[in-house]
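One structure below.
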Amino acid sequence: MEEPGTSRRKFIFRSLTGGLTAALTSAVALVRPATADTETEAAQGAFLAKTKNIPLRGGKIIKVKSARYVVTQPSKGVFRCFTAKCTHQGCTVASVSGRTINCPCHGSKFAITDGHVVQGPATKSLPKKRITVKKGSIRLA
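Be aware that the sequence shown starts at 1, since it is given in the UniProt record's numbering, and climbs by one per residue.
What follows is the structure, given as structure tokens:
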């Protein structure tokens, strides 16, 4: 037979430890969200391209996980990276030619040097992405 109050102590103890477990599980979920924006955590540091595959005074559109990027080489050995989402209405840019990044939806064009608008209707530059270039490889920073 249990001492008086033992069952009550066990009940309180189990309730507290169960609540603590739930609180810790919630805290972990808050620290590490299940989904990220267009650029996933896994994409950070991801390989984008070999430097030799990015044309001089041009660029390429590259898909990494669920995100798309534009990597350009405006001058020899200088590489830039931008998101491939047009700032006008969110279309994915389709090509890089004539020193511009081109959106097929409404004709916006962006400079390969810094992503600024060369031709509207877009009014905002393409967002820049940080990259590292090492041993002929271009990666997200």
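All residues carry an ideal CB built from backbone N, CA and C; glycine is no exception. On a predicted model such as this, the values are computed, not experimentally measured, just so you know.
Looking at the structure shown, is residue i part of a helix, part of a strand, or coil, going by DSSP?
i    : result
F79  : strand
T92  : strand
K52  : helix
R130 : coil
A36  : Summary for A36: the model assigns pLDDT 45, below 50, so the residue's position carries little reliability; its value from the coordinates is reported in the next sentence. Of the three classes helix, strand and coil, the one that applies to A36 here is coil, per DSSP.
Just to check my reading of the structure: residue i and residue j have Cβ atoms closer than 8 angstroms, yes? What is that Cβ distance to the nearest angstrom?
i   : j    : result
L48 : I131 : 7 angstroms
F82 : K129 : 6 angstroms
Looking at residue j and residue i, is the spacing between their C-beta atoms short of 8 angstroms?
i    : j    : result
V96  : C103 : no
K85  : V71  : no
G115 : K52  : no
L126 : A46  : no
Going by DSSP, name the residue or residues bridged to residue i.
i    : result
N102 : S95 and K109
V71  : K60 and C81
S137 : K50 and K134
V117 : F110
- Task: Please confirm if the region 86-102 is in contact with the region 119-136, defined as three or more CB-CB distances below 8 angstroms between the two stretches.
- Result: With a cut-off of 8 angstroms, the region 119-136 and the region 86-102 count as touching, because enough Cβ pairs lie within range.
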